[in-house]
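Below is one structure, written out as structure tokens; the observations come after it.
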Amino acid sequence: MYREVVGIVTEEEKNEMLVLFERKLGIEELAATLESDLLSAEQKETMQEKMITELGKVKYHMQAWWDKMYEKYTWKNIDGHKWNIDFQTCEIILTK
Numbered sequence: 001m002y003r004e005v006v007g008i009v010t011e012e013e014k015n016e017m018l019v020l021f022e023r024k025l026g027i028e029e030l031a032a033t034l035e036s037d038l039l040s041a042e043q044k045e046t047m048q049e050k051m052i053t054e055l056g057k058v059k060y061h062m063q064a065w066w067d068k069m070y071e072k073y074t075w076k077n078i079d080g081h082k083w084n085i086d087f088q089t090c091e092i093i094l095t096k
């Protein structure tokens, strides 16, 4: 597996992404509650619509963060690869 550290972000920049990442995980975990028998079909549908909307917003903001950081730092970029952030070290890692 290809893995290369291509940059680093500030603690503040990392925290911006961490908030978005945790929000995304929370929404995805909520999806499991849609299987509950405690909710009516209408409640499930309402929750699902809200989760889809919120997940779309979070993904949009995550992509905007990556775009902004790339513009600022001009990290190495290879087609078919993606950047990941190490929340412990603030490093940006290019992986395939």
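Numbering (full-length UniProt numbering), first residue to last: 1 to 96. We put the CB at the ideal spot given by N, CA and C, even for glycine. Treat the numbers as computed from the prediction; the structure is a model and nothing was measured.
> What do you get for Met-69, buried or exposed, if any count of 16 or more other CB atoms within 10 angstroms of its CB means buried?
Replying inline: Taking the first residue of the sequence shown as 1, we reach residue 69 at position 69. Met-69 is buried by the Cβ-count criterion.
>> If you reduce the DSSP assignment to three classes, tell me which class Asp-37 lands in.
In response: The residue labelled residue 37 in the question sits at position 37 within the sequence shown. Asp-37 falls in the coil class under three-state DSSP.
>> So, under 8 Å CB-CB, Thr-74 and Arg-3 are touching, yes? Tell me the CB distance rounded to an integer number of Å.
In response: By one-based count along the sequence shown, residue 74 stands at place 74. By one-based count along the sequence shown, residue 3 stands at place 3. Contact doesn't hold; Cβ gap of about 20 Å is too wide.
> Got a sec? Which residues, its chain only, sit under 7 Å from Asn-84 by beta carbon, not counting five neighbours each side?
Replying inline: Counting from 1 along the sequence shown, the entry for residue 84 is found at position 84. Excluding sequence neighbours, Asn-84 sits near Ile-93 and Thr-95.
>> For Trp-65, which residues in the same chain have their Cβ closer than 7 Å to its Cβ, ignoring the five residues on either side in sequence?
In response: For the purposes of this step, residue 65 is taken as the residue at position 65 of the sequence shown. So the list reads Glu-16, Met-17 and Leu-20, once near-sequence residues are dropped.
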